[in-house]
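Chains A and B, in that order, give the protein sequences.
The opening residue of the first sequence carries number 2 in the working numbering; numbering runs sequentially from there.
The opening residue of the second sequence carries number 2 in the working numbering; numbering runs sequentially from there.
What follows is a single structure, written as structure tokens, with notes after it.
There are 2 protein chains.
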Amino acid sequence: MNQKSEITKKLLPVMDTMELLNGRWKIVIMTTLYLGGTMRFNEIKNSIPRITGRVLSKDLKFLESHQIVSRTVKDTSPITVEYELTEYGKTLDSVFRALTEWGIQHRKRIIRK
Amino acid sequence: MNQKSEITKKLLPVMDTMELLNGRWKIVIMTTLYLGGTMRFNEIKNSIPRITGRVLSKDLKFLESHQIVSRTVKDTSPITVEYELTEYGKTLDSVFRALTEWGIQHRKRIIRK
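In structure tokens:
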């Protein structure tokens with residue numbers, strides 16, 4: 002098919018977004034930084050139940066390379082490394098809010114069963 | 002930690018949602034049905050660039066088992082099988098819209114580079 006259907010055209014932005022946010026943890030990590038502001042690695046790790054350091058480290062690097070998260074090394078003793086959402090990352094707030102609101106309803110539904 | 006931080010409490014609904022919608026394709030499939038209404042398997046497949054029949058079949062079954070998608074077999078000749086979002090699946094519309102809106106901006110940003 003050379004001619005894309007209307008549905009396909011409308012899908013492309015969603016596919017791009019999911020290409021970027023694919024995986025179990027990326028959106029969870031971003032929501033953590035959205036809620037917590039500037040955070041150290043262990044603060045993020047301790048906030049997210051069951052995430053491993055390896056996955057968190059890999060996903061933070063990925064999000065940094067896509068300018069969604071910024072990483073700042075502070076010359077303290079010992080050195081501290083802080084993460085936060087970039088201005089661009091913060092534009093995802095409507096996604097975090099929509100997922101949170103739906104998740105609250107979904108959780109009620111699961112618990113009711 | 003027995004005492005959950007405020008951030009962790011707020012994260013739990015997002016984690017539940019991502020547990021459910023995890024993976025590259027589920028949200029894309031649901032958005033397709035959100036845009037297209039009632040659709041046959043091949044209509045869905047043809048609307049989504051690069052998805053394989055195997056993945057589509059597996060994810061549709063998963064979404065059916067979670068009452069997000071309904072599957073109807075029609076006694077036509079040959080038999081037709083139709084999929085659509087359930088009423089519950091439709092409650093995810095704010096998630097689809099937020100992802101679409103962000104994706105449109107994100108696509109512009111990528112193309113500009």
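Where a beta carbon is used, it is the ideal one built from N, C-alpha and C, also for glycine.
Bear in mind that the values here come from a model prediction, so they are computed numbers and not experimental data.
Rounded to a whole number of angstroms, what is the C-alpha to C-alpha distance between residue i and residue j?
{"i": "R41(B)", "j": "M19(A)", "result": "23 angstroms"}
{"i": "Q1(B)", "j": "I30(A)", "result": "Here chain B has residues from 2 to 114 only, and residue 1(B) is not among them."}
{"i": "Y84(B)", "j": "N43(A)", "result": "44 angstroms"}
{"i": "S6(B)", "j": "I28(B)", "result": "29 angstroms"}
{"i": "G104(B)", "j": "R25(A)", "result": "19 angstroms"}
{"i": "V82(A)", "j": "K11(B)", "result": "24 angstroms"}
{"i": "L57(A)", "j": "R110(B)", "result": "26 angstroms"}
{"i": "N23(B)", "j": "S66(A)", "result": "22 angstroms"}
{"i": "F97(A)", "j": "G90(B)", "result": "18 angstroms"}
{"i": "M16(A)", "j": "E88(A)", "result": "22 angstroms"}
{"i": "A99(A)", "j": "L64(B)", "result": "19 angstroms"}
{"i": "T32(B)", "j": "I52(B)", "result": "14 angstroms"}
{"i": "T73(A)", "j": "T73(B)", "result": "53 angstroms"}
So which residues of chain B does residue i contact, with C-beta pairs closer than 9 angstroms?
{"i": "R113(A)", "result": "Here the premise fails: no neighbours, minimum Cβ distance about 13 angstroms."}
{"i": "T87(A)", "result": "Per Cβ cutoff of 9 angstroms: no residues; T87(A) is ~12 angstroms from chain B at best."}
{"i": "R25(A)", "result": "M16, M19, E20, N23, G24"}
Just to confirm, are residue i and residue j a CB contact at a threshold of 8 angstroms?
{"i": "S95(B)", "j": "E102(A)", "result": "yes"}
{"i": "P14(B)", "j": "R108(A)", "result": "yes"}
{"i": "T9(A)", "j": "Q106(B)", "result": "no"}
{"i": "K46(B)", "j": "G54(B)", "result": "yes"}
{"i": "G37(B)", "j": "S48(B)", "result": "yes"}
{"i": "L34(B)", "j": "L86(B)", "result": "yes"}
Apply the 10 Å Cβ neighbour rule to residue i and answer buried if 16 or more other Cβ atoms are within range, or exposed otherwise.
{"i": "I80(A)", "result": "exposed"}
{"i": "D60(A)", "result": "buried"}
{"i": "I112(A)", "result": "exposed"}
{"i": "T77(A)", "result": "exposed"}
Please compile the residues from chain B whose C-beta is within a distance smaller than 7 angstroms of the C-beta of residue i.
{"i": "T18(A)", "result": "L100, W103, G104, H107"}
{"i": "V82(A)", "result": "Near V82(A) there are no residues of chain B at all, since even the closest Cβ is about 19 angstroms away, more than 7 angstroms."}
{"i": "T32(A)", "result": "L12, V15"}
At 9 angstroms on the CB atoms, spell out the chain A contacts of residue i, in chain order.
{"i": "L36(B)", "result": "E7, I8, K11, L12"}
Residue i touches chain A at which residues, Cβ-Cβ below 8 angstroms?
{"i": "L93(B)", "result": "W103"}
Chain D beta carbons: is any one of them nearer than 8 angstroms to that of residue i?
{"i": "R110(B)", "result": "No chain D appears in this structure, whose protein chains are A and B."}
**OP:** Report the residues of the stretch 66 to 80 of chain B with a CB closer than 7 angstroms to any CB of chain A, ordered along the chain.
**Re:** Answer in chain order: no residues at all.
Original post:
Taking Cβ-Cβ distances below 8 angstroms as the criterion, which residues of the stretch 44 to 58 of chain A are in contact with chain B?
Top reply: Contacts with chain B (Cβ-Cβ distance below 8 angstroms) from the stretch 44 to 58 of chain A involve N47, S48, I49, P50, listed in chain order.
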